[in-house]
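Participant:
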Amino acid sequence: MRAEPGQVVAGRYRVTDRSEGEVGLPAVDVHGGARVRLFGLELPELLVPGHPVGAPAPSYGPRLTARVGQVAAAAAAHPRLLRGLAAGPEDEVLWIAEEAVSGVPLERLAGGGPVPPYRAAEIGADLAGALRAVHEAGLTHGNLTLRTVLVCEDGAAMLGGLLLGAAEEELCAALGGEVPRRVYETRALMLGPLAERWAIDAGAPADTWALGVLLYRLLTGHGPYPEHDLPTLLAAVRDGRHHPADGCGPLRPLVERLLRPDAAARPDAAAVQRELRELLAFAPEPGLDGPAGPPLPVPRPEAGPLVPRPRGGRRPARAAGRATDRQGPARPPRVPPKLLGPLVLAGVLVLLCAAIGVIVAVAG
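FYI, in this note's numbering the residues of the sequence shown are 863 to 1226.
(1) Cα separation between Leu1073 and Tyr1046?
(2) May I ask which residues mark the beginning and end of the alpha helix (DSSP H) holding Gly886?
(3) Could you please give me the residues that DSSP links to Ile958 through a beta bridge?
(4) Between the Cα of Tyr922 and those of Glu952, Ala896, Ala948, Ala937, spot the shortest distance and give me the residue it belongs to.
(5) Quick one, which of Val890, Arg880, Gly886 has its alpha-carbon nearest Gly873's?
(6) Taking the DSSP output, what are the residues bridged to Arg876?
(7) Kindly indicate which residue of Glu961, Gly973, Arg925, Pro941 has the alpha-carbon position closest to the one of Gly858.
(8) Given a cut-off of 7 angstroms, decide if Leu1021 and Leu971 are closer than it, judged by their beta-carbon atoms.
(9) Which class does Pro1229 belong to by DSSP, given the choice of helix, strand or coil?
(10) Counting C-beta neighbours from all protein chains within 10 Å, is the total for Thr1048 16 or more, i.e. buried, or is it exposed?
(11) Tell me whether Gly1017 sits in a helix, a strand or coil according to DSSP, three-state version.
(12) Between Gly1027 and His997, how many whole angstroms is the CB-CB distance? I'm expecting something under 8 angstroms.
(13) Would you say Glu1031 and Pro1055 are within 7 angstroms of each other, going by their C-beta atoms?
(14) State the DSSP-derived secondary structure class of Leu943, mapped to helix, strand or coil.
(15) So Ala1125 packs on Pro1067, CB below 8 angstroms; how close in whole Å?
(16) Helix, strand or coil: which one does DSSP assign to Val966?
(17) Between the alpha carbons of Val1075 and Leu1095, how many angstroms are there, rounded?
(18) Return yes when the Cβ of Ala1029 is within less than 7 angstroms of the Cβ of His940, no when it is not.
(19) Can you determine whether any heavy atom of the ligand MG sits closer than 6 angstroms to the C-beta of Ala1036, and answer yes or no?
(20) Kindly indicate which residue of Leu947, Gly1038, His1084 has the alpha-carbon position closest to the one of Ala1057.
(21) Let me confirm a value: Phe1144 is counted as buried when at least 16 other C-beta atoms fall within 10 Å, else exposed. Which label applies?
(22) Which residue comes first and which comes last in the alpha helix (DSSP H) that contains Ile1062?
(23) Report the CB separation of Leu962 from Arg897 in whole angstroms; it is logged as a contact under 8 angstroms.
(24) Using alpha carbons as the reference points, say which of Ala937, Glu954, Asp1016 lies closest to Gly965.
(25) Can you find the residues in the same chain that come closer than 8 angstroms, C-beta to C-beta, to Asp1063, ignoring five residues on each side of it along the sequence?
So this is what it looks like as structure tokens:
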């Protein structure tokens, strides 16, 4: 599945560099010059259960390409959602292109240990907004993990992996056929015991559950379920047995609701985004919200330039000035302590001179 710099894959994308520690291969679109990230999905024909030895293997490239095209066409534009562009098969690999932006994978930032709770809340609010857009378009993301989230230079979290997730699920369905057990075995081989990809339900509730898993992982440094083998993971997910959420701090109530086994009891993406924004409105100053971690940037609107505002629920200086005008005259400024002594001495001298003048006038 490797492609070398200079190689053109899927007849359209020229690889520009190797991907050392990054997610996806950096490339450019030879038709328009746009920078993209490439993801290669191997088409493992030998995984087809019961496929006769020596018989021609079916080709899944066209089926997966069609499915990816449907998802790409239906996906809505959103400033926190990386845009999936296209997919094309080449030999035994399906190449998927996604827009490229400057940033680092969330997986790398989370590798330094637990993320401070209010920083995790900002990331979660960004991701909830992206999921809301996906759900409003009638889609399920299904691929929310540390590897599919990119943290940009301004601290904004952007969600990618939509087309790749759709291609993986379609391939599992194609290889497994109509037998659920075969689909399960195929997913087990392709995905492994990664909790975010094994929700017990489908649709939008599965995405919000995965967001709860990811927030727990960010806040504690480990997943909420045992992940050493898939049967144990699935049993814990099915029974709702997750590790205690003590390390989730102020996000604990939300995380616990997101991890409920009953899909109807979980908040949707819009409610999650709203709750996290309300929490952030009264967040402490950066540096006071927990142990060292990725920097806490200023709050961001969903689109447009960054607009700083103070934390802790305090009003901006201009708004505070307007409030003072309505309430009456402002208080005089306080005297700096270092000037207090000289001012008192000068006052005493003035009073002494005035007293001497009065005495002289009376005596004269």
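Even glycine gets a Cβ: it sits at the ideal position worked out from N, Cα and C.
Facilitator: Considering the structure as presented:
(1) The residue given as residue 1073 occupies position 211 in the sequence shown. The residue given as residue 1046 occupies position 184 in the sequence shown. Distance between the alpha carbons of Leu1073 and Tyr1046: 22 angstroms.
(2) Counting from one through the sequence shown, the residue named residue 886 turns up at place 24. Run containing Gly886: none; DSSP gives neither H nor E here.
(3) The residue you call residue 958 lines up with position 96 of the sequence shown. Per DSSP, Phe901, Ala949.
(4) Position 60 of the sequence shown, counted from the first residue, corresponds to residue 922. Closest by alpha carbon: Glu952.
(5) For this step, residue 873 is matched to residue 11 along the sequence shown. Nearest C-alpha to Gly873: Val890.
(6) Taking the first residue of the sequence shown as position 1, residue 876 is located at position 14. Answer is Val870, Val890.
(7) Residue 858 cannot be examined here, being either before or after the span of the chain that is shown, 863 to 1226.
(8) Translated into the one-based positions of the sequence shown, residue 971 becomes position 109. Translated into the one-based positions of the sequence shown, residue 1021 becomes position 159. Going by C-beta atoms, Leu971 is not nearer than 7 angstroms to Leu1021.
(9) Outside the displayed range of the chain (863 to 1226) lies residue 1229, so it cannot be described from this structure.
(10) The residue labelled residue 1048 in the question sits at position 186 within the sequence shown. So Thr1048 ends up on the buried side.
(11) Locating residue 1017 in the sequence shown gives position 155, where the first residue counts as 1. Reduced to three states, the DSSP call for Gly1017 is coil.
(12) If you number the sequence shown from 1, residue 1027 lands on position 165. If you number the sequence shown from 1, residue 997 lands on position 135. Rounded, the Cβ-Cβ distance is 14 angstroms, inconsistent with contact.
(13) Start at 1 with the first residue of the sequence shown, and residue 1031 comes out as number 169. Start at 1 with the first residue of the sequence shown, and residue 1055 comes out as number 193. No. Outside cutoff.
(14) For the purposes of this step, residue 943 is identified with residue 81 of the sequence shown, where counting begins at 1. Note: Leu943 maps to strand in three-state DSSP.
(15) Position 263 of the sequence shown, counting from 1, holds the residue named residue 1125. Position 205 of the sequence shown, counting from 1, holds the residue named residue 1067. Ala1125 to Pro1067, Cβ: 4 angstroms. Contact.
(16) Sequence index remark: in the sequence shown, residue 966 carries index 104 (1-based). Residue state, collapsed to three classes: strand.
(17) Sequence index remark: in the sequence shown, residue 1075 carries index 213 (1-based). Sequence index remark: in the sequence shown, residue 1095 carries index 233 (1-based). C-alpha separation (whole angstroms): 13 angstroms.
(18) The residue labelled residue 940 in the question sits at position 78 within the sequence shown. The residue labelled residue 1029 in the question sits at position 167 within the sequence shown. For His940 and Ala1029, no; Cβs fall outside 7 angstroms.
(19) The model depicted lacks the ligand MG and carries no ligand whatsoever.
(20) Here residue 1057 refers to the residue found at position 195 of the sequence shown. Considering only alpha carbons, the answer is His1084.
(21) By one-based count along the sequence shown, residue 1144 stands at place 282. So Phe1144 ends up on the exposed side.
(22) Locating residue 1062 in the sequence shown gives position 200, where the first residue counts as 1. Where Ile1062 is concerned, there is no enclosing alpha helix (DSSP H), given that its DSSP letter is neither H nor E.
(23) The sequence position of residue 962 within the sequence shown is 100, counting from 1. The sequence position of residue 897 within the sequence shown is 35, counting from 1. It is worth fixing the name first, because residue 962 is Ala in this sequence and not Leu. Contact holds; Cβ gap of about 4 angstroms.
(24) Position 103 of the sequence shown holds residue 965. If we check each option's Cα against that of Gly965, Asp1016 comes out closest.
(25) Here residue 1063 is taken as the residue at index 201 of the sequence shown, counted from 1. The residues are Trp1071, Ala1125.
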